[in-house]
Amino acid sequence: MFDSLWVAKTGMEAQDFRVQTIANNMANAASSGFKKDIAHFKSLGYNTVQGRTSMNEGGDYDIGTIKVGRGVAISDTSTDFTQGSLTITNSDTDVAISGKGFFVIEGDTASAKPEEQRFFSRNGHFELRHTGTDKTYNLVHTASQKKLMGLATQPTASTTTPPPSALEFTLSNDGNKLIIGSNGEIMEEANGAVVSLASPRWISIATFGANSGIQKNSFNLYTDNPASTGGARYAIPLVENLGSLTHKSLEASNVTTIDEMVNMIEAQRGYEMGAKVMEKADEMMSTLIQRT
Amino acid sequence: MDRMLYTSMTGATQMLHAQAVTANNLANANTTGFKQDLTLMVSKPVDGENSSRHYGVATTMAQDFNKGSLITTNNSLDIAIEGEGWIAVVGQDGTTGYTRAGSLNVGGEGILRNREGQMVLGNEGPIAVPPDSRVEIANDGSINVFGTGAFSGDFSIIDRIMLVNPAHGEMAKGLDGLFRMKSGGEALPAAEVRVKSGVLEGSNVSAIEAMTEIIQSSRQYEMQVKMMKSADELATKSSALLRMN
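Heads up: the protein sequence lines correspond to chains E and W, in order.
So in the numbering used here, spot 291 of the first sequence is number 291, and the numbers just go up one at a time.
So in the numbering used here, spot 136 of the second sequence is number 1136, and the numbers just go up one at a time.
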């Protein structure tokens, strides 16, 4: 009885979830490297409330057959990985990827599962941290306080071996300015000239077969899900068709406030229309009770 | 009088059903590739000698095949069919069904699926995407895979999504929301169907139409209830007439 009441409920729930997704996108409109999420709807199939459930010999439903849909649900959310615009920050430890690829951030290195050993991020806001060894530093991903990973060799193709390890580099003098090349090479500015390090290091970039398979985590990090992504492959920037690095810049969030506003209006009105249907169903019930 | 009561009751019940159908259309106003259900009111003679009496019977035999608007997502695995045509998928019951919802992803086991988790059919069954590869869908539905270590631009076509194009009249929506051939058979692959990658087809539900239908069905329902009340009053009056004093 009064199926529309329950159907309207599913619609309102789905729109509510969508508003949450939009709200999260909006809240992260200024988060560096944030990629927006999109909520997807799926219809829930049908019940035959009257008549035969199967088609007749002619392949049609009999007259008087009513199939009432069960409403709608959120199937999942997907992430839109389009490039965000680059903003200049002038900070020596900020770096942005233009194009394909993710920074590799150290995870639980003791874990047996390779996907737990590393996280991935598009947020290139790092800070310099002294390792305890003389003139030797790490770059730490500020949002998660985990180390950026890199390579000590310069690969020519993306590969799974050797996997990157926590980036550790030694400057010739404490206080030398850090320079990051577009291919990810860590360099320093000594006596006004840009020079390579004695033992060169490169920031590693990871790439996936299908970005859609990686999962969002907190602190702008992503986790690999090898079954869906095909597994992470590592290289340095500008290898194959990977993106390049821009030093002293950050990638802005790819959330466009205007798009989100339009989606928000659509979701809100969808929600209101569901509420209106509920109201109508309620009116009908009250008509039935009062008029008979 | 009893027939009047029952005729009105049927009318009210049918309006409830019709409203639920519209409510479902409205709930799916943002569902990718959704085709709205149309409710048809059919007058059906009452079985028996009173052939002058007809019930109004609601029927959901047809769907609106109009196209939904295209929404750009820039996701290479989102496809929308340009013009006529359908994407073949495997329904939960294992049979082939057809849909216009082309939001695809590579799920676990590397199988190409839609958002409902249904496997997308290629020319020879489900499409397995090799690990370590990047997938793009060409406009004839071919799946181009940029394979292991070959990110530089070499690609191979592993399969083609099965696209079919039967006439609308031959298709009906099943209980799982997928369309199937009324004949019970499978549609033949159609080479002329074109898809566009990076866009999705929205729902073809018109919110204005659906809201109007909701108001209309609730008003009609009230009228039926009013008729039931009148039938009740008539019965009271006629029994008063029969009273001896």
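We put the CB at the ideal spot given by N, CA and C, even for glycine.
For residue 173 of chain E, the number of other beta carbons within 10 angstroms of its own is below 16, and it is reported as exposed.
The beta-carbon separation of residue 1022 of chain W and residue 1217 of chain W, rounded to 7 Å, stays under the 8 Å limit for a contact.
Annotation: the continuous alpha helix (DSSP H) that includes residue 17 of chain E extends over 3-27. When secondary structure is reduced to three states using DSSP, residue 1128 of chain W falls in the strand class. Nearest Cα to residue 26 of chain E within the set E:64, E:2, E:253, E:96: E:253. As a beta-bridge residue in DSSP terms, residue 150 of chain E pairs with E:165, E:203.
Here residue 158 of chain E is buried, its C-beta having at least 16 other C-beta atoms within 10 Å.
Bridge pairing for residue 1196 of chain W: W:1080 [DSSP]. Following the DSSP letters along the chain, one finds residue 1045 of chain W in no alpha helix (DSSP H) but inside the beta strand (DSSP E) bounded by residues 1037-1045. In this structure, residue 1080 of chain W places its C-beta atom within 7 Å of the C-beta atom of residue 1199 of chain W. In the three-state scheme derived from DSSP, where H, G and I count as helix and E and B as strand, residue 1169 of chain W is classed as helix. For the 7 Å CB-CB criterion, residue 86 of chain E and residue 96 of chain E form a contact. Restricting attention to E:232, E:21, E:121, E:135, the CA atom closest to the CA of residue 160 of chain E is found in E:232. Residue-level contact by beta carbon fails for residue 1186 of chain W and chain E, as no gap is shorter than 7 Å. Within the same chain, and ignoring the five residues on either side of residue 31 of chain E in sequence, the residues whose Cβ sits closer than 8 Å to its Cβ are 123, 220, 253.
Residue 189 of chain E is bridged by DSSP to E:177, E:194. In the DSSP assignment, the residues bridged to residue 1119 of chain W are W:1113. In this structure residue 126 of chain E does not touch residue 151 of chain E by the C-beta definition: roughly 16 Å separates them, more than the 8 Å allowed. For residue 1221 of chain W, the closest Cβ of chain E is nearer than 7 Å. Using a Cβ-Cβ cut-off of 7 Å, residue 1134 of chain W counts as an interface residue toward chain E, since at least one Cβ of chain E sits closer than that to its own. For the stretch 1028-1046 of chain W, the set of positions with a beta-carbon nearer than 8 Å to some beta-carbon of chain E reads 1028, 1029, 1030, 1031, 1032, 1034, 1037, 1039, 1042, 1044 in chain order.
DSSP, reduced to helix, strand and coil, places residue 1181 of chain W within a strand of the structure shown.
When the Cα atoms are used, residue 1044 of chain W and residue 1171 of chain W turn out to be separated by approximately 25 Å.
Residue 74 of chain E sits in a strand when the DSSP states are folded into three classes. With the criterion set as a beta carbon lying under 8 Å from some beta carbon of chain W, the members of the stretch 26-49 of chain E are 38, 40, 41, 42, 43, 44, 45, 46, 47, 48, 49, in sequence order. If you check the CB distance, residue 108 of chain E and residue 115 of chain E do not come in under 7 Å.
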